[in-house]
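Okay, so the sequence shown: first residue is 28 according to our numbering, each after it adds one.
No residue lacks a Cβ here, since even glycine has one placed at the ideal position from N, Cα and C.
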Amino acid sequence: MGQLHESGASIHRRRRRRAAITLTLVALLLIGTFAYAAAYFQGWVGTRTPAIGASPSCQPSVPVEALTPPAVTVNVYNSTDRAGLAASVAKVLRTQGFKVVDVANDPLGKPISGVGEIRSGSDGAAGATLVAARLAGAKVVLDNRTDASVDLVLGTTFKVLSVPPKVAPTKPSKPAATPTPTALPSC
């Protein structure tokens with residue numbers, strides 16, 4: 028059998044054709060990639076996240092005013108044998124702005140071994156928290172009352188009411204000379 032011998036010109040043509048086909052395929056692949064990217068950014072294909080300027084999908088929260096002592100009705104009860112304890116604590120609470128209604132011995136008559144007990148219904152839970160900030164270590168007890176009143180029952184280890192630190196109002200800072208972009212609210 029004879030060997031097949033090709034001329035140098037045909038080998039050169041075959042290499043050029045192979046290179047042209049490879050170059051054409053690479054160019055078509057690049058053009059296809061750029062076309063898909065352009066279609067994606069135009070929104071024709073795929074999914075995109077909303078732009079920064081889009082309106083938020085959640086409702087803005089309504090600001091809640093902080094509960095202040097004048098809005099809290101407090102009954103001060105003494106569960107100890109120290110005379111005048113409830114009256115002296117009621118006087119301090121009045122100077123702090125609380126509305127003190129009743130000052131007496133504990134109507135439940137049960138001994139409180141700790142610093143005290145703060146009793147309220149579900150409507151007075153916020154007021155109970157405000158009173159509890161003044162009596163560290165007091166036990167907060169929810170009962171079935173229907174009003175927002177709070178009972179402060181003084182226990183055997185009670186010493187003194189603490190005064191939470193006042194938060195001084197801050198002056199608003201000067202607005203920025205140029206507006207700055209803000210983020211979307213998180214929901």
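Leaving aside the five residues before and after residue i along the sequence, list all residues of the same chain whose C-beta is less than 6 angstroms from its C-beta, in chain order.
| i | result |
| --- | --- |
| residue 100 | 126, 128 and 176 |
| residue 119 | 188 |
| residue 139 | 106, 180 and 182 |
If you run the structure through DSSP and keep just helix, strand and coil, what is residue i?
| i | result |
| --- | --- |
| residue 54 | helix |
| residue 167 | strand |
| residue 186 | coil |
| residue 118 | helix |
| residue 43 | helix |
Are the CB atoms of residue j and residue i within a distance shorter than 8 angstroms?
| i | j | result |
| --- | --- | --- |
| residue 183 | residue 107 | yes |
| residue 145 | residue 165 | yes |
| residue 148 | residue 169 | yes |
| residue 133 | residue 104 | yes |
| residue 154 | residue 112 | no |
Give me whichever residues DSSP pairs with residue i in a beta bridge.
| i | result |
| --- | --- |
| residue 131 | 104 |
| residue 179 | 103 and 145 |
| residue 126 | 100 |
With a threshold of 16 other CB atoms inside 10 Å of the CB of residue i, please say whether the residue is buried or exposed.
| i | result |
| --- | --- |
| residue 130 | buried |
| residue 171 | exposed |
| residue 61 | exposed |
| residue 64 | exposed |
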